[in-house]
Amino acid sequence: MKATIEGILHVLGEHHKEAHGISEADIQAKEHSLGYPLPTVLREYYKILGRSPYITQGCNNQYEPLPLQDVFIPDDTFFTTDKAFLVFYQVEESVIYCGIRIQDLEQEDPPVYLCAWNSPDWQLENRSLQRFLAGKGLVQLGVEDRLPYWAIFDESIWSLSDYRGCMRLEEPEREMEEGSELNAWKIYLKDDVLIVFELDVSEEETDELLAVYLASFQRASMENLLNEMGKATDLPSFRTNLSAQ
Numbered sequence: 001m002k003a004t005i006e007g008i009l010h011v012l013g014e015h016h017k018e019a020h021g022i023s024e025a026d027i028q029a030k031e032h033s034l035g036y037p038l039p040t041v042l043r044e045y046y047k048i049l050g051r052s053p054y055i056t057q058g059c060n061n062q063y064e065p066l067p068l069q070d071v072f073i074p075d076d077t078f079f080t081t082d083k084a085f086l087v088f089y090q091v092e093e094s095v096i097y098c099g100i101r102i103q104d105l106e107q108e109d110p111p112v113y114l115c116a117w118n119s120p121d122w123q124l125e126n127r128s129l130q131r132f133l134a135g136k137g138l139v140q141l142g143v144e145d146r147l148p149y150w151a152i153f154d155e156s157i158w159s160l161s162d163y164r165g166c167m168r169l170e171e172p173e174r175e176m177e178e179g180s181e182l183n184a185w186k187i188y189l190k191d192d193v194l195i196v197f198e199l200d201v202s203e204e205e206t207d208e209l210l211a212v213y214l215a216s217f218q219r220a221s222m223e224n225l226l227n228e229m230g231k232a233t234d235l236p237s238f239r240t241n242l243s244a245q
């Protein structure tokens with residue numbers, strides 16, 4: 001299934017609160033200051049998750065949303081060749097920005113582009129703003145220790161196929177497709193455990209992995225999955241905080 005904001009809310013469950021959103025009045029005030037309306041999908045994202053403590057700023061070199069007040073349209077000093085973009089996401093440490101073309105702002109679900117300090121021309125990142133927001137949010141939840149229980153498998157001889165078989169992830173409905181042109185992540189949800197595979201995009205084989213991240217609000221669900229995986233005789237070593245909880 002496609003990654004959606006509803007998918008994020010399903011992962012968060014009762015931990016998501018109404019107070020984690022931004023008011024309609026604040027969104028309208030920001031649109032007025034920009035001189036442009038936000039796309040419907042982006043408005044709803046800020047209205048629902050704009051202040052979520054689980055999807056928020058301060059990532060460890062990961063994509064992160066700009067706070068609503070910091071969303072901007074570049075001026076002449078910005079490094080990109082084309083300034084006609086609304087910038088709303090970034091990777092601060094790597095100086096990467098994500099934006100929507102000004103001419104696309106009236107679309108409900110416009111494409112998203114990115115640029116980097118060493119590559120000032122914008123390139124397509126995702127054909128869907130909704131899938132971009134949901135995919136990046138799910139990656140944050142999975143890799144940034146945002147949830148109470150986690151486990152991390154570092155790079156090993158195991159491939160994506162090995163893990164999918166061990167975790168019984170063959171059913172396509174378990175995958176939450178983010179649709180990124182970069183194809184750096186595979187995201188799955190199984191029995192309340194969020195599973196994020198970091199792909200090695202430097203390799204021609206898309207099955208090669210850099211790491212695997214498991215995260216959940218439910219200790220029993222995490223324990224059950226790890227116990228099931230433990231039946232494999234050659235399971236790679238992993239780190240987890242279960243023993244410390």
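Counting from 1, one number per residue, gives the positions in the sequence shown under UniProt numbering.
Note that the Cβ used here is the ideal one computed from N, Cα and C, for glycine as well.
This one's a predicted model, so the numbers in the text were calculated from it and none came from an experiment.
For the candidate residues the options, whose alpha-carbon lies nearest to that of residue i?
i      : options                           : result
Arg101 : Glu108, Val95, Tyr113 and Gln90   : Tyr113
Leu209 : Arg164, Arg219 and Asp234         : Arg164
Ala34  : Asn227, Asp75 and Phe132          : Here the sequence assigns Leu to residue 34, which means Ala is not the residue at that position. Checked all of Asn227, Asp75 and Phe132; the closest Cα to Leu34 is Asp75.
Leu147 : Arg174, Val193, Leu160 and Phe132 : Val193
Glu175 : Trp158, Gln218, Asp145 and Arg131 : Arg131
Met229 : Pro120, Cys166 and Ala29          : Cys166
His20  : Leu225, Ser52, Gln90 and Glu92    : Ser52
Ala211 : Asp234, Asp191, Asn224 and Lys186 : Lys186
Ser119 : Gln107, Tyr97, Gly179 and Leu199  : Tyr97
Glu223 : Leu199, Asp191, Gly179 and Asp207 : Asp191
Asp207 : Ser237, Phe153, Thr240 and Asp162 : Asp162
For a quick check, are the C-beta atoms of residue i and residue j less than 7 Å apart?
i      : j      : result
Glu177 : Lys2   : yes
Thr4   : Ala134 : yes
Ala215 : Trp150 : yes
Glu44  : Glu125 : no
Asp109 : Val41  : yes
Ala220 : Val201 : no
Cys115 : Thr77  : no
Leu12  : Tyr46  : no
Report, in whole angstroms, the separation of the C-beta atoms of residue i and residue j, which I expect to be a contact under 8 Å.
i     : j     : result
Ile55 : Ile8  : 7 Å
Val71 : Leu86 : 7 Å
Here's the rule I'm using: 16 or more other beta-carbon atoms within 10 Å means buried, otherwise exposed. How should residue i be labelled?
i      : result
Lys17  : exposed
Leu38  : buried
Ile157 : exposed
Gln245 : Bear in mind that a pLDDT of 46 at Gln245, under 50, signals an unreliable position, so the model cannot answer this.
Trp122 : buried
Glu6   : exposed
Gln90  : buried
Glu14  : exposed
Which runs of the beta strand (DSSP E) spanning at least 3 residues fall entirely within the UniProt domain "Knr4/Smi1-like" (21-134), listed in chain order? 85-91, 96-101, 112-116 and 119-126
Inside the stretch 137-200 only - beta strand (DSSP E) runs reaching at least 3 residues: 149-154, 185-190 and 193-199
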